[in-house]
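Structure record follows, encoded as structure tokens.
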Amino acid sequence: QVQLVESGGGLVQPGGSLRLSCAASGITFSRYAMGWYRQAPGKQRELVAIITSTGSINYADSVKGRFSISRDNAKNTVYLQMNSLKPEDTGVYHCNAHYFSKFWGQGTQVTVSS
Numbered sequence: 395q396v397q398l399v400e401s402g403g404g405l406v407q408p409g410g411s412l413r414l415s416c417a418a419s420g421i422t423f424s425r426y427a428m429g430w431y432r433q434a435p436g437k438q439r440e441l442v443a444i445i446t447s448t449g450s451i452n453y454a455d456s457v458k459g460r461f462s463i464s465r466d467n468a469k470n471t472v473y474l475q476m477n478s479l480k481p482e483d484t485g486v487y488h489c490n491a492h493y494f495s496k497f498w499g500q501g502t503q504v505t506v507s508s
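First residue of the sequence shown? That's 395 in this note's numbering, and the numbers climb one at a time after it.
Right, here's the structure in full:
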């Protein structure tokens, strides 16, 4: 059974930082591209960042220079370091694993507000 479990969300003031984690089980983690997506209220889910099995990385233009994605294959975990957070970063952040199949986590809420 595949499980992706996100953690690290919360309430933070503008300009603050959060680090999200996604722990995977039930997959050969190193083979999978791992991504972070977010969904704001009333909006479609959008890609935030992705890291492939070979370590190639892409970011949404809106988070370049502020967010950093990384992975630890020994721990079956992908991270998203979020700095200089803005109110528009608010949303539910979901972890995604993609090889031939796609799997999603339940999500973790990030709220950026003063």
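Yeah, the Cβ is synthetic: ideal placement off N, Cα and C, and Gly gets one too.
Predicted model, so just to flag it, every value in this text is computed and none were measured.
Cα-Cα separation, Tyr510 to Ala454: Given a span of 395 to 508 for the chain in the structure shown, any question on residue 510 remains unanswerable.
Simplified DSSP assignment, three categories, for Ser424: When DSSP states are grouped into helix, strand and coil, Ser424 belongs to the helix group.
Test item: CB-CB of Phe497 and Leu398 under 8 Å: The beta carbons of Phe497 and Leu398 sit closer together than 8 Å.
Collapsed DSSP secondary structure at Val396 in the structure displayed: If DSSP states are grouped into helix, strand and coil, Val396 belongs with coil.
Separation of Gly499 from Ala427, as counted between CA atoms: Cα atoms of Ala427 and Gly499: separation of roughly 14 Å, rounded to the nearest angstrom.
C-alpha gap between Ala417 and Ser450, whole angstroms: Near 20 Å, if we compare the C-alpha coordinates of Ser450 and Ala417.
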